[in-house]
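Residue numbers (our numbering), protein chains in the order written: chain A, 1 to 78; chain B, 79 to 156. We put the CB at the ideal spot given by N, CA and C, even for glycine. To start, the structure under review is shown below, and the notes come after it.
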DNA sequence: TGGGATTTGTTCGTATGTATC
DNA sequence: TGATACATACGAACAAATCCC
């Protein structure tokens, strides 16, 4: 999975979809932290603001919760 | 009403509160557009992204609606 | 006790794309 | 066509919280 700037779909939405898929597949596991914002920036070649936007979507969807200074954690599926 | 960067409360929240008060008082009227992002930037000395954040709060609260390419409009109170 | 590294939160600056008038 | 305005996206900087040594 990678980002395509020419696809019309916003980059932050593409990144959110990548993370959703990784959560759904179990690649990102409950009670474990996602890669840090810095790591996501480097891995996907996007800006920090774009990462924040994607994470905000996952928070609104109830997929993750954030602990400031620690990381972004995956909720256990109900 | 003005922004105080030393108050601890995020500037975007302060700006949102200013706009809420102006809506509540009737200074900003239903079906009329808010001042543009650029105007808010100049009037309150904040950044465009901060204005966007404040406006996003008002949207989530159902106080305003956005017409892309036109402006941010105040909902009529129910 | 303290300092450094890491991570998220917030803010500011700038630019481009798209839609409306 | 040009001006206006929101959405998106890049980069940069500092603060706050956390962790480890």
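Inter-residue CB distance, residue i and residue j (contact presumed, cutoff 8 Å)
i                      : j                      : result
residue 129 of chain B : residue 115 of chain B : 5 Å
residue 58 of chain A  : residue 19 of chain A  : 6 Å
residue 94 of chain B  : residue 132 of chain B : 4 Å
Same chain, Cβ closer than 8 Å to residue i, five either side skipped, listed in chain order
i                      : result
residue 110 of chain B : 151 and 152
residue 62 of chain A  : 75
Rounded C-alpha distance that separates residue i from residue j
i                      : j                      : result
residue 21 of chain A  : residue 29 of chain A  : 12 Å
residue 1 of chain A   : residue 112 of chain B : 41 Å
residue 105 of chain B : residue 87 of chain B  : 24 Å
residue 119 of chain B : residue 134 of chain B : 15 Å
residue 122 of chain B : residue 91 of chain B  : 13 Å
residue 48 of chain A  : residue 65 of chain A  : 18 Å
residue 6 of chain A   : residue 60 of chain A  : 26 Å
residue 3 of chain A   : residue 11 of chain A  : 7 Å
Residue i in three-state terms, based on DSSP
i                     : result
residue 57 of chain A : helix
residue 46 of chain A : coil
residue 19 of chain A : helix
residue 71 of chain A : strand
Spatial neighbours of residue i in its chain, beta-carbon cut-off 6 Å, leaving aside the 5 residues before and after
i                     : result
residue 70 of chain A : none
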